[in-house]
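Worksheet: one structure, shown below.
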Amino acid sequence: MRWRTIWRNEWRLLLADRAPWVLALLFTVVALYGAWNGRQWSAFQQAAIADIRLADEERIAKLDSLLQRAERDSTVTVPPAGALGASGATTHAVLDVPPLGGLAVGASDLHPYYARVSVRSKASFMATDEVENPHNLLAGRFDLVFVVVWVLPLLLIALTYNTITGERDQGTMALWRAQPVPASRVLVAKLGVRAGFVLGVATVLLGLMAWLVGVPLGDPAVALRLLLWLAVVLLYAGFWLGVIVVVNATARSSAASAVLLLGSWLVVVVVIPATVSAVVSAVYPSPSRVALTTALRAASDEAAAQGDTAINQFLADHPEMLQTGTLAASNSWGRTLAQQERANDAMRPVYAAFDSALAAQHRAAALASLVSPAVMAQELLHDLADRSLARFRRFDAAIDRHHQAWQTFFFQRVFGERKVRHAELASLPRFAYADRAVGDVLSAQGGTLLALLLPTALLWWLGWRRLQQVAVHE
Numbered sequence: 133m134r135w136r137t138i139w140r141n142e143w144r145l146l147l148a149d150r151a152p153w154v155l156a157l158l159f160t161v162v163a164l165y166g167a168w169n170g171r172q173w174s175a176f177q178q179a180a181i182a183d184i185r186l187a188d189e190e191r192i193a194k195l196d197s198l199l200q201r202a203e204r205d206s207t208v209t210v211p212p213a214g215a216l217g218a219s220g221a222t223t224h225a226v227l228d229v230p231p232l233g234g235l236a237v238g239a240s241d242l243h244p245y246y247a248r249v250s251v252r253s254k255a256s257f258m259a260t261d262e263v264e265n266p267h268n269l270l271a272g273r274f275d276l277v278f279v280v281v282w283v284l285p286l287l288l289i290a291l292t293y294n295t296i297t298g299e300r301d302q303g304t305m306a307l308w309r310a311q312p313v314p315a316s317r318v319l320v321a322k323l324g325v326r327a328g329f330v331l332g333v334a335t336v337l338l339g340l341m342a343w344l345v346g347v348p349l350g351d352p353a354v355a356l357r358l359l360l361w362l363a364v365v366l367l368y369a370g371f372w373l374g375v376i377v378v379v380n381a382t383a384r385s386s387a388a389s390a391v392l393l394l395g396s397w398l399v400v401v402v403v404i405p406a407t408v409s410a411v412v413s414a415v416y417p418s419p420s421r422v423a424l425t426t427a428l429r430a431a432s433d434e435a436a437a438q439g440d441t442a443i444n445q446f447l448a449d450h451p452e453m454l455q456t457g458t459l460a461a462s463n464s465w466g467r468t469l470a471q472q473e474r475a476n477d478a479m480r481p482v483y484a485a486f487d488s489a490l491a492a493q494h495r496a497a498a499l500a501s502l503v504s505p506a507v508m509a510q511e512l513l514h515d516l517a518d519r520s521l522a523r524f525r526r527f528d529a530a531i532d533r534h535h536q537a538w539q540t541f542f543f544q545r546v547f548g549e550r551k552v553r554h555a556e557l558a559s560l561p562r563f564a565y566a567d568r569a570v571g572d573v574l575s576a577q578g579g580t581l582l583a584l585l586l587p588t589a590l591l592w593w594l595g596w597r598r599l600q601q602v603a604v605h606e
């Protein structure tokens, strides 16, 4: 009996069975719901960003017109530089929706994706006006990454849990051993056909979902990202196939196989991630934002209470701010910003400790995630879709750089008591952010890829050895 004959026969048996088609239909419905959720969220973000940019353009256009009129007519009043830097000339720092954004929500519903940067302290402009149900934020959004990490293993288990143990239950294993063809060849065909059906359906379906959520497949760079995204899906599915082969070849009955596989799913997908999260939170607790806000308020109140003392101390620490030698009493914006920056100077050690504690927690979480294939796959899929937590940290760092440039530009005019001229609008600091290239993502995630590949390869090796043993004797 040739390989082709064996595989053709197994395909006929599978396609004649109603269960695979029912499961494929259920998986399609779940995937469609995940794709719809991802598309809705991306569309919401895109609409919000479009409104923000339109408002910014209108604000700058009005300011441009005002400054032009002021140059022609000396009676036209131009707001002081401080007012423009705090509101009138401000634009938003925006994190655009990535091309693969519809495939994964990731951390995008927890972290701000825009900020109206001003001369004020960062804490004053990082809070957005969007209101979300805290329960939704805690549970997370149902997206295609959730479907892959949680549902795809269950589909694999449902179709393959009794591929070998079913032969034992029916007493046909001895018949396979009596055939002239090696029994291992038949068992591999049985597993391969069922696994191929699931992976084929999943790959085609996820590719279709990518088109439905609006992934620009005509862009070669985006198409490459999508192919790598699908490759991670197949690698994660390969891990579960390895588990299924080992359990199938070891369990004495289909019931035992089902219990072991569902228990493995529960441990890998639910128990280990929850345990890792609890341990990391206990060892590296999240720094308190309430305490940070309270400390900032106390520092601001102290600077305001000190009045001229705080202002003079700030100017003594930053002599480059004054170009006239003294700060006029009429320079209200200068005095306000000097008090603000004096409070920020006092807060720098607190900010540094907060950021250090947060970074330590993130490092510990990244290291601990290596014990869970489900978490590793999730992180890889989020990163390839540009929806990872690391992307928002890079966005936050870009906001810091832009904020510093913005303050430098306007502080020179506020403390120098100079008006903003029309010709200077073109030199206003512009926010800049660029996502990492695919090669940079793979380089950064190389360790995670290897950590997922190694147990997968080990399981396949163990499963193959066990299959050969089962093909010869019980």
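One point on numbering: in this note's numbering, the residue at position 76 of the sequence shown is 208, and numbering is uninterrupted.
Ideal placement from N, C-alpha and C gives every residue a C-beta, glycine not left out.
Note that the structure is predicted; figures quoted are calculated from it, not measured.
Excluding the 5 residues flanking it on each side, R171 has same chain C-beta neighbours closer than 6 angstroms at G234, V345, in chain order. Spanning the alpha carbons of P152 and Q601 requires a straight line of approximately 28 angstroms. In the DSSP assignment, A225 falls within the beta strand (DSSP E) that extends over 224-226. For G395, the number of other beta carbons within 10 angstroms of its own is below 16, and it is reported as exposed.
Counting of Cβ neighbours within 10 angstroms places P230 among the buried residues, the total reaching 16 or more.
Collapsing the DSSP output to three states places R273 in coil. By a beta-carbon distance limit of 8 angstroms, V546 contacts L469. Their separation comes to about 6 angstroms. Taking L499 as reference, the option from A388, S409, V210, V281 with the minimal CA-CA separation is S409. Scanning the segment 548-590 from its first residue to its last, the whole alpha helix (DSSP H) runs of 4-plus residues come out as 570-576.
With a cut-off of 8 angstroms on Cβ pairs, the segment 216-224 is not in contact with the segment 423-439, counting fewer than three such pairs.
The beta carbon of V208 is closer than 6 angstroms to those of R201, A202 in its chain, skipping five residues each way along the sequence.
About 4 angstroms separates the Cβ atoms of A381 and R598, confirming a contact at the 8 angstroms cut-off. In the assembly as shown, V411 is an exposed residue. Its beta-carbon has fewer than 16 other beta-carbons within 10 Å. Around the CB of K322, 16 or more other CB atoms lie within 10 Å, so the residue is classed as buried. Assignment of beta-bridge partners to Y483 by DSSP yields no partner. If you draw a 10 Å sphere on the C-beta of V375, you find 16 or more other C-beta atoms in it, and that means buried. Under DSSP, A529 shares a beta bridge with no residue. Take L288, set aside five residues on each side of it, and the residues of its chain with a beta-carbon closer than 6 angstroms to its own are V330, W372, in chain order. In terms of Cα proximity to R384, the closest of Q536, P481, Y293 is Y293. V378 is the residue among A430, A387, V378 whose C-alpha sits nearest the C-alpha of P587.
Pairwise C-beta distances place the segment 271-281 in contact with the segment 231-250, as three or more of them are shorter than 8 angstroms.
Residue pairing by DSSP places A247 opposite A225 in a beta bridge. In this structure, the beta-carbon distance from V325 to L146 falls below 7 angstroms. Inter-residue distance for N463 and G579 is about 55 angstroms (C-alpha atoms, whole angstroms). Contact between F542 and A213 is confirmed by a C-beta separation of about 5 angstroms, below the 8 angstroms threshold. With contacts defined by Cβ atoms closer than 7 angstroms, A506 and V401 form a contacting pair. Between V281 and A509, the C-beta gap is smaller than 7 angstroms, which places the two residues in contact.
Taking 7 angstroms as the cut-off, the beta carbon of L232 is found closer than this to the beta carbon of V347.
Note on geometry: alpha-carbon atoms of F524 and V573 lie some 14 angstroms from one another.
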